[in-house]
Amino acid sequence: MTGLDEFLEELVADADAVCLFSPGKSHYETLASDDVVVVGPDNDVEADAFVQLPLEFEDLRDRIRFGVEGAVDHGYVDEDADLVCLAKVFGEDADTVARVRADEFEKSGVYDLFANSRAEPSVIRDVLEVAVELGKKGQKGKPVGALFVVGDAGKVMNKSRPLSYNPFEKSHVHVGDPIVNVMLKEFSRLDGAFVISDSGKIVSAYRYLEPSAEGVDIPKGLGARHMAAGAITRDTNAIAIVLSESDGLVRAFKAGELILELDPEAY
Amino acid sequence: MQIEWPQVVRSVFSERGAFAASIAVLFVGVVGSYIVWRWTRTFLRSAGVSDAVEGTPFERTARSFGTSTVGIVSTIAAVFAYVLAIVLAVNLAQLGNPDLFWQRFTGFLPSLFVAAFALIIGLVVGDKAKLYVGERLRSVKLPEVSIIPELFKYSIFYVAILIALGQLGVETMALVVLLGVYAFAVVVVALVAFWDLLRSAAAGIYLLLREPYSIGDRVRIDDNEGIVQEVDVFTTRIESDGEEYIVPNQTVFVSGIVRIRD
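Chains as they are written, first to last, in the numbering used here: chain A, 1 to 267; chain B, 1001 to 1262.
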């Protein structure tokens, strides 16, 4: 196995920093002396250099890309640093070593979407999960669409009008509450946008968004729902998460731009 | 009941028979206490006690003596059963006069064991409570906060010792008064320290239930005017051009709120 050892040694040689993706505690402690950045949903190991990536992206490429982006944003690693990434893909323990340059990727803004939005990262993650779940289930097998506007709820409410009675009036349901999973099927029947506050409270459903759509640049071929989502995020500090009815993808918008595209089936 | 038994046995057997019966009782006591020991051990194990006490100082002390919490508790139960058998046997054989001493001794015995159990349970629960509270406060990164779990631990120790002493018939009035004063002080300090928080929470619960204003409304509280962004139990967040006012909910009640409709 000497050839393999050599190869591995060469792979990790002269790396500027190590990125650990959701490491276990003992695992982290054996490596803690090096230049280590921990990436994951929670800082379980209490690392100093920690990048919160609330979503465990199934695709390793995405996970590394967005994690590294966060590490650069934080200033934990330089933009031209050579990085060795340890991640778990198959099992419970780290089983994959990857080597990347920090400037290899185009800036996607996904880390920025989570970390620098008005809403809390966990709220954004919960909404994404609700959208993904809704995309998987659909209604009676038929695809459904949905639009969630997250954060800056006061302003969003002022830039929209009700289409019908608000079923969430005087209720205190938060995304991430177990009851939301039960209500998913009902969600797909409601038209209009869901408005969710910074702390995750579902403020309203049945909202018709009335932002000014000037200067919104979203890919051609996307429909009115996506246009509304892009426009409202440009007009307010909210972000929008859209489940497309036609192609079944979940997309996230911030500041009028498409940031993230997820396939619910692959997630 | 216990006083009656020897007489009953005596009237059934002869004097010599009573002696044999007392030997038999001793023997049954040995077997019985072994069964009690086995049964307590398996019961405590299957109830998950050994896992629950894992890592507490009491368990560690017990380990250093080559036993465990479960072992100690079951041994105490067995000793209790065996001592009971001995007392019964001695009573039967009338070796000592079944006088006041035995009566008091048998009367005292259960309290002694309850006291021992109370102490053990208190020690274990106290340590567990400390661990649990410490775990809950772990996210609070403040060095001084580590005193709270300790306080919890010693409060529980104190109550356990009180129960044990009470069982033994020791005069605990002064200690109870001390406990009362301590509890009172905790409540008073909490009330004074959290007075504003409590008032805000009371107002906040009303606001959440009745929703006199909700997210998206334009309101004015005191001189702070803006759009309501968030209402939670303690505060209301109001935002106007780049400024976010975080208003404690009690001010809503003290100075009222103006809803601005246009």
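Don't be surprised by glycine CBs; every beta carbon is placed ideally from N, CA and C.
Bridge partners for residue i per DSSP, in chain order?
i, result
"lysine 254 of chain A", "A:Ile239, A:Glu257"
"glutamine 52 of chain A", "A:Gly40"
"glutamate 1225 of chain B", "B:Arg1220"
"arginine 1259 of chain B", "B:Val1219"
"tyrosine 208 of chain A", "A:Arg161"
"serine 1240 of chain B", "B:Glu1243"
"valine 18 of chain A", "A:Val36, A:Val84"
"alanine 1085 of chain B", "None; alanine 1085 of chain B has no bridge partner."
"alanine 193 of chain A", "A:Leu147, A:Arg207"
"proline 1248 of chain B", "B:Thr1235"
"isoleucine 202 of chain A", "A:Ile196"
"leucine 262 of chain A", "A:Val250"
"glutamate 1230 of chain B", "B:Arg1237"
Residues in the same chain with beta-carbon distance under 6 angstroms from residue i, minus the five sequence neighbours each way, listed in chain order, please.
i, result
"arginine 202 of chain A", "Just to set this straight, residue 202 of chain A is isoleucine in the shown sequence, not arginine. Here the set comprises Phe168, Val173, Ile196."
"glycine 1134 of chain B", "Pro1149"
"serine 1255 of chain B", "Asp1222"
"tyrosine 1132 of chain B", "none"
"lysine 25 of chain A", "Val45"
"alanine 71 of chain A", "Val37, Val51, Val77"
"lysine 355 of chain A", "In the structure displayed, chain A extends from 1 to 267; residue 355 of chain A sits before or after that span and is not available."
"alanine 1089 of chain B", "Ser1022, Val1025, Leu1026"
"arginine 65 of chain A", "Phe105"
"serine 22 of chain A", "Gly40"
"phenylalanine 1019 of chain B", "Ala1093"
Under 8 angstroms Cβ to Cβ from residue i, same chain only, skipping five residues before and after it: list those, please.
i, result
"glutamate 9 of chain A", "none"
"arginine 125 of chain A", "Pro41, Pro54, Leu55, Phe114"
"phenylalanine 194 of chain A", "Ala146, Leu147, Phe148, Val149, Phe187, Ile202, Ser204, Ala205, Arg207"
"aspartate 80 of chain A", "Arg101, Ala102, Asp103"
"phenylalanine 1157 of chain B", "Gly1122, Leu1123, Gly1126"
"glycine 91 of chain A", "none"
"leucine 1197 of chain B", "Phe1234"
"methionine 1001 of chain B", "A caution first: methionine 1001 of chain B carries a pLDDT of 46, below 50, which makes its placement in the model too unreliable to give a value."
"threonine 1251 of chain B", "Ile1221, Asp1222"
List the whole-angstrom C-beta distance separating residue i from residue j, where the pair is believed to meet the contact cut-off of C-beta under 8 angstroms.
i, j, result
"serine 1283 of chain B", "valine 1233 of chain B", "As shown, chain B starts at 1001 and ends at 1262. That puts residue 1283 of chain B outside it, with no answer to give."
"serine 199 of chain A", "glutamate 1230 of chain B", "6 angstroms"
"lysine 1128 of chain B", "threonine 1056 of chain B", "6 angstroms"
"lysine 159 of chain A", "leucine 222 of chain A", "20 angstroms between Cβ atoms; not a contact."
"leucine 243 of chain A", "alanine 119 of chain A", "About 18 angstroms separates the two Cβ atoms, so there is no contact after all."
"alanine 1118 of chain B", "alanine 1164 of chain B", "5 angstroms"
"valine 51 of chain A", "valine 39 of chain A", "5 angstroms"
"alanine 213 of chain A", "alanine 229 of chain A", "Not quite, the Cβ-Cβ distance comes to about 11 angstroms (not below 8 angstroms), so this is no contact."
"valine 84 of chain A", "valine 97 of chain A", "7 angstroms"
"asparagine 43 of chain A", "aspartate 152 of chain A", "With a Cβ gap of about 27 angstroms, asparagine 43 of chain A and aspartate 152 of chain A do not count as contacting."
"leucine 163 of chain A", "valine 250 of chain A", "About 23 angstroms; that fails the 8 angstroms criterion."
"valine 123 of chain A", "valine 156 of chain A", "That belief does not hold up - the Cβ atoms of valine 123 of chain A and valine 156 of chain A are roughly 14 angstroms apart, past 8 angstroms."
"alanine 1115 of chain B", "leucine 1168 of chain B", "5 angstroms"
"glycine 1032 of chain B", "alanine 1081 of chain B", "5 angstroms"
"leucine 184 of chain A", "leucine 134 of chain A", "6 angstroms"
"lysine 286 of chain A", "glutamate 265 of chain A", "Here chain A has residues from 1 to 267 only, and residue 286 of chain A is not among them."
For residue i, which residues from the same chain have a beta carbon less than 7 angstroms from its beta carbon, with the 5 sequence-adjacent residues on both sides left out?
i, result
"glutamate 245 of chain A", "Pro143, Val144, Gly145"
"isoleucine 1246 of chain B", "Thr1235, Arg1237"
"threonine 1067 of chain B", "none"
"asparagine 1249 of chain B", "Ser1200, Ala1203, Gly1204, Leu1207, Phe1234, Thr1235, Thr1236"
"valine 1070 of chain B", "Arg1041, Leu1044, Arg1045, Val1049, Ser1050"
Is residue i near the ligand SAH, judged by its Cβ being under 7 angstroms from some heavy atom?
i, result
"serine 117 of chain A", "Looking for the ligand SAH in the displayed structure turns up nothing, as the structure carries no ligands at all."
Report the residues of the stretch 1212 to 1244 of chain B with a CB closer than 9 angstroms to any CB of chain A, ordered along the chain. Under the 9 angstroms Cβ criterion, the stretch 1212 to 1244 of chain B contributes Ser1214, Ile1215, Gly1216, Asp1217, Arg1218, Gly1226, Ile1227, Val1228, Gln1229, Glu1230, Val1231, Asp1232, Arg1237, Ile1238, Glu1239.
Within the stretch 1152 to 1213 of chain B, ranges of the alpha helix (DSSP H) (whole runs, at least 4 residues): Counting only runs of 4 or more, we get 1173 to 1193, 1195 to 1210.
Interface residues of the stretch 1198 to 1212 of chain B facing chain A [CB-CB below 9 angstroms]: Correct list: Leu1208, Leu1209, Arg1210, Glu1211.
Going along the chain, which unbroken runs of the beta strand (DSSP E) with 3 or more residues stay wholly within the stretch 104 to 181 of chain A? Complete beta strand (DSSP E) runs here, min 3: 146 to 150, 160 to 162.
Short of 8 angstroms Cβ to Cβ, which residues in the stretch 132 to 161 of chain A face chain B? Those would be Asp152, Ala153, Gly154, Lys155, Val156, Met157, Asn158, in chain order.
Within the stretch 75 to 101 of chain A, note down every full alpha helix (DSSP H) run reaching 4 residues or more, in order along the chain. List check, alpha helix (DSSP H) in window: nothing returned.
With 7 angstroms as the limit, tell me which residues of the stretch 198 to 210 of chain A have their beta carbon closer than that to any beta carbon of chain B; keep them in chain order. Within the stretch 198 to 210 of chain A, Asp198, Ser199, Val203 place their CB atoms closer than 7 angstroms to a CB of chain B, listed in sequence order.
Return the residues of the stretch 170 to 185 of chain A that lie within a Cβ-Cβ distance of less than 7 angstroms from chain B, sorted by chain order. Those residues of the stretch 170 to 185 of chain A that come within reach of chain B (Cβ to Cβ, closer than 7 angstroms) are Lys170, His172.
Any chance you could list the alpha helix (DSSP H) runs of at least 4 consecutive residues sitting entirely within the stretch 1052 to 1080 of chain B, in chain order? You should have 1057 to 1064.
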